[in-house]
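Engineer: Read top to bottom, the protein sequences are chains A and B.
Following the UniProt record's numbering, the numbering of the first sequence begins with 1 at its first residue and continues without gaps.
Following the UniProt record's numbering, the numbering of the second sequence begins with 1 at its first residue and continues without gaps.
The beta carbon of each residue, even a glycine, is placed where N, CA and C say it ideally should be.
Predicted model, so just to flag it, every value in this text is computed and none were measured.
Right, I'll just put the structure down here and ask away after.
Protein chains: 2
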Amino acid sequence: MNFSSKLLENAVAEFSKLPGVGQKTALRLVLHLLKQDKADVERFSNSVTKLRNDIQHCRTCHNISDFTVCEICASRKRDHVTICVVEDTRDVMAIENTNQYTGVYHVLGGLISPMDGIGPSDLEIDSLVERMKAGEVREVIFALSATMEGDTTIFYLHKRLKEFKINFSTIARGIAFGGELEYVDEITLGRSIATRVPYESSLSK
Amino acid sequence: MNFSSKLLENAVAEFSKLPGVGQKTALRLVLHLLKQDKADVERFSNSVTKLRNDIQHCRTCHNISDFTVCEICASRKRDHVTICVVEDTRDVMAIENTNQYTGVYHVLGGLISPMDGIGPSDLEIDSLVERMKAGEVREVIFALSATMEGDTTIFYLHKRLKEFKINFSTIARGIAFGGELEYVDEITLGRSIATRVPYESSLSK
């Protein structure tokens with residue numbers, strides 16, 4: 001592209017680095033900001049810098065937080081004997097939005113993925129083992145993506161954690177609520193038949 | 001959404017104000033930035049603040065520029081007797097990318113749109129009239145969108161400028177090169193037939 005200004009070119013180049021943002025979208029976003037008040041633009045860029053500089057990771061569950069211990073880990077209302085293991089912050093937010101879970105979390109910061117060069121030592125796994133050693137945990141729920149990386153990570157975690165005699169569970173897999181049978185992929189459908197549940201227990205919730 | 005951090009919530013709210021960016025996209029962009037080095041994030045937000053604070057508008061053509069007179073207006077290689085009137089910077093960039101135009105520009109900063117409360121006085125129209133008064137301009141090309149606002153603006157500009165005895169032209173409208181007839185909308189197709197050109201002159205380029 002043929003920019004009439006170096007400053008503009010620079011800002012567009014920075015925005016283009018964001019995931020899913022091409023040069024045209026970047027230009028649209030930057031020109032939008034250019035039309036805003038200086039104070040608004042200042043607030044925009046400060047929010048990013050401040051987030052990056054001041055954010056912390058909860059020293060217990062490693063979720064991002066404004067404090068050294070996150071609100072969930074610090075809460076007395078939560079059930080601290082149940083740990084839900086998730087990949088990242090977005091998963092914590094998604095589960096919190098369901099209002100179905102009252103336990104605490106452990107954020108791995110990724111999944112084991114040899115293809116991307118991510119091994120167990122790159123994730124918050126040792127710290128999970130440490131939490132187990134305290135001896136209060138009674139259940140670990142693996143709430144990871146139903147992908148090869150997710151399954152590999154669960155397999156590895158279970159191997160590391162099984163010496164602690166507690167319950168291990170994974171979130172239920174199957175057909176989504178409201179899902180129409182004809183659009184469900186074969187693997188999911190096949191497994192849902194294989195792992196069918198007694199009708200009475202399916203009514204329990 | 002249920003944010004675990006006020007800082008995060010803040011940054012997501014700021015990104016959500018950008019056009020076409022919803023809360024989920026904003027979260028994805030912000031979490032991406034959070035994974036970058038502090039220096040990279042600093043560079044990102046500086047590029048925006050610097051652009052907003054330091055950008056200028058060329059005092060001749062009103063295009064955005066790093067200097068008081070833009071590179072195009074300052075260039076001796078350009079044909080300064082032909083002015084191409086456009087809505088905004090993006091149009092200048094689009095036309096420059098074609099490498100077909102050697103004249104100079106005049107950026108209106110918008111189109112007349114009573115629906116949006118934009119009248120002639122909100123646009124750089126008086127300054128265009130001033131440029132005409134210098135007496136050197138020989139052609140004005142209206143390169144505005146083929147919409148009601150574009151047509152209204154051309155109509156108004158022509159009324160203001162016709163006292164200067166020069167050539168006025170608009171960019172050609174019709175079927176796009178490579179366009180398949182069956183997918184062309186009726187208005188464009190109808191007008192292309194009505195404004196058909198002699199076969200010989202269609203070969204000229």
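Is the closest heavy atom of the ligand SAM to the C-beta of residue 81 of chain B under 7 Å?
Structural biologist: Ligands in the displayed structure: none, and consequently the ligand SAM is not present.
Engineer: Given a cut-off of 8 Å on the beta-carbon distance, is the pair residue 56 of chain A and residue 40 of chain A in contact?
Structural biologist: No; because the gap between Cβ atoms is not below 8 Å, this pair is not in contact.
Engineer: Below 8 Å on C-beta distance, what does residue 132 of chain B contact in chain A?
Structural biologist: Here the premise fails: no neighbours, minimum Cβ distance about 23 Å.
Engineer: Which residues in the same chain as residue 152 of chain B place their Cβ atom closer than 6 Å to its Cβ, once the five residues preceding and following it in sequence are excluded?
Structural biologist: Here the set comprises 112.
Engineer: Just reading off the alpha helix (DSSP H) that residue 10 of chain A is part of, what are its end residues?
Structural biologist: Run containing residue 10 of chain A: 6–16, per the alpha helix (DSSP H) assignment.
Engineer: Which residue's Cα is closest to the Cα of residue 5 of chain A: A:31, A:115, A:191, A:16?
Structural biologist: It is A:31.
Engineer: Going by CA-CA distance only, name the one from B:124, B:126, B:74 that's closest to residue 103 of chain B.
Structural biologist: Among B:124, B:126, B:74, the Cα nearest to that of residue 103 of chain B is on B:74.
Engineer: Is there contact between the stretch 152–169 of chain B and the stretch 180–193 of chain B, where contact requires at least three CB pairs shorter than 8 Å?
Structural biologist: No, they do not touch.
Engineer: Which value, in whole angstroms, describes the spacing of the CA atoms of residue 195 of chain B and residue 171 of chain B?
Structural biologist: Distance between the alpha carbons of residue 195 of chain B and residue 171 of chain B is about 13 Å.
Engineer: Return the residues of the stretch 38–65 of chain A that lie within a Cβ-Cβ distance of less than 9 Å from chain B, sorted by chain order.
Structural biologist: So the close ones are 38, 40, 41, 42, 43, 44, 45, 46, 47, 48, 49, 50, 51, 52, 53, 54, 55, 56, 58, 63, 64, 65.
Engineer: Bridge partners for residue 3 of chain A per DSSP, in chain order?
Structural biologist: Note: residue 3 of chain A sits in no beta bridge, so no partner.
Engineer: Let me see if you follow: with CB-CB separation under 8 Å, is residue 96 of chain A close to chain B or not?
Structural biologist: So, interface residue.
Engineer: What span of residues does the alpha helix (DSSP H) with residue 97 of chain A cover, start to end?
Structural biologist: 89–98 is the extent of the alpha helix (DSSP H) around residue 97 of chain A.
Engineer: Quick check: what's the CA-CA separation for residue 190 of chain B versus residue 197 of chain B?
Structural biologist: Rounded to whole angstroms, residue 190 of chain B to residue 197 of chain B spans 14 Å at the Cα level.
Engineer: Among B:105, B:85, B:177, B:138, which has the Cα closest to the Cα of residue 155 of chain B?
Structural biologist: It is B:85.
Engineer: Are the stretch 117–133 of chain A and the stretch 94–103 of chain A touching, with three or more C-beta to C-beta distances below 8 Å?
Structural biologist: The stretch 117–133 of chain A, when compared against the stretch 94–103 of chain A, does not touch it at the 8 Å Cβ threshold.
Engineer: What does residue 29 of chain A touch in chain B if you count any residue whose Cβ is under 9 Å from its own?
Structural biologist: By Cβ distance, chain B contributes 18, 19, 20, 21.
Engineer: Which chain A residues are close to residue 26 of chain B, counting only those with a beta carbon under 8 Å from its beta carbon?
Structural biologist: None at all; the shortest Cβ gap to chain A is about 11 Å.
Engineer: Do residue 88 of chain A and residue 7 of chain B have their beta-carbon atoms positioned less than 8 Å apart in this structure?
Structural biologist: No, they are not a contact pair.
Engineer: Report the rounded CA-to-CA distance for residue 125 of chain A versus residue 150 of chain A, giving the unit in angstroms.
Structural biologist: Roughly 14 Å separates the two Cα atoms.
Engineer: Would you list, in chain order, the members of the UniProt domain "Toprim" (81–176) of chain B that have their beta-carbon closer than 8 Å to a beta-carbon of chain A?
Structural biologist: Those residues of the UniProt domain "Toprim" (81–176) of chain B that come within reach of chain A (Cβ to Cβ, closer than 8 Å) are 88, 89, 90, 92, 93, 96, 97.
Engineer: Quick check: residue 174 of chain A and residue 201 of chain A, are their CB atoms within less than 8 Å of each other?
Structural biologist: Contact: no.
Engineer: Would you say residue 4 of chain B lies against chain A (beta-carbon separation less than 8 Å)?
Structural biologist: It does; some Cβ of chain A falls within 8 Å.
Engineer: Using the Cβ count rule (16 or more neighbours within 10 Å means buried), how would you classify residue 91 of chain A?
Structural biologist: The residue is buried, with at least 16 neighbouring Cβ atoms inside 10 Å.
Engineer: Among the candidates A:43, A:77, A:12, A:82, whose CA atom is the shortest distance from the CA of residue 168 of chain A?
Structural biologist: Here the closest residue by C-alpha is A:82.
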